[in-house]
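Engineer:
Numbering (our numbering), first residue to last: 1 to 220.
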């Protein structure tokens with residue numbers, strides 16, 4: 001298991017980084033692949049508490065309600081989806097990171113919208129889209145429960161049903177979105193299991209998009 005060097009922590013402190021930023025850096029460095037759910041046996045919550053303490057701060061607010069039970073009950077030592085998404089949302093809102101191999105964060109999403117280099121698929125229910133709208137116009141809407149079947153349609157069947165070209169398995173600009181990252185994560189994993197290995201999702205979802213753009217968004 002990779003261990004965060006003490007020198008790195010001391011350097012951050014000496015350089016004037018806040019404890020909160022240092023904690024985030026330490027968590028990400030020490031956990032390695034934990035955000036993709038592949039790192040077992042690491043007590044991430046303990047690491048966070050060690051550096052952040054029990055007082056309120058941006059990170060603990062993002063993870064409020066899950067800190068006492070951050071693990072996947074079926075796989076002890078593996079962070080739950082909720083915990084992973086809370087860390088993702090913290091990264092999305094508190095850093096300038098654009099995207100990584102698994103996620104496209106808020107600023108990265110804005111950049112891709114401006115460039116037009118994105119195939120966004122909204123997996124919310126039709127009622128949610130009708131009530132709150134979509135991130136981009138003419139978005140591809142495939143409810144999360146239909147994603148598996150949709151991505152197995154032929155090119156002609158997909159175009160007939162969704163009015164657009166079906167994504168290619170090699171495409172690296174497929175981005176799923178939903179309300180707050182849970183359903184889009186499931187859709188992304190489904191797509192990857194079908195061979196769309198570079199599919200990603202927007203972990204902030206409409207909750208973050210609406211808040212940052214002063215648009216109506218559902219309450220938690």
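Glycine included, each C-beta is placed from N, C-alpha and C at the ideal position.
Just so it is clear, the structure is predicted and the values come from calculations on it, not from any experiment.
(1) Along the beta strand (DSSP E) that carries residue 147, what are the first and last residues, could you check?
(2) Note down the Cα distance separating residue 161 from residue 202, rounded to an integer number of angstroms.
(3) Cβ of residue 205 within 8 Å of Cβ of residue 177?
(4) Tell me residue 103's beta-bridge partners as DSSP assigns them.
(5) Note down the Cα distance separating residue 190 from residue 130, rounded to an integer number of angstroms.
(6) Can you find the residues in the same chain that come closer than 6 Å, C-beta to C-beta, to residue 172, ignoring five residues on each side of it along the sequence?
(7) Taking buried to mean at least 16 other C-beta atoms within 10 Å of its own C-beta, is residue 151 buried or exposed?
(8) Leaving out five residues on either side along the sequence, give the residues of the same chain with a beta carbon under 6 Å from the beta carbon of residue 195.
(9) Find out if the Cβ-Cβ distance for the pair residue 103, residue 192 is shorter than 8 Å.
(10) If you draw a straight line from the alpha carbon of residue 211 to that of residue 182, how long is it in whole angstroms?
Structural biologist: Taking the structure as given:
(1) No beta strand (DSSP E) contains residue 147, which is instead part of the alpha helix (DSSP H) from 147-150.
(2) 24 Å
(3) A contact, by the Cβ cut-off of 8 Å.
(4) 201
(5) 25 Å
(6) Non-local C-beta neighbours of residue 172 in its own chain, meaning closer than 6 Å and more than five positions away in sequence, comprise 198, ordered along the chain.
(7) buried
(8) 169
(9) no
(10) 18 Å
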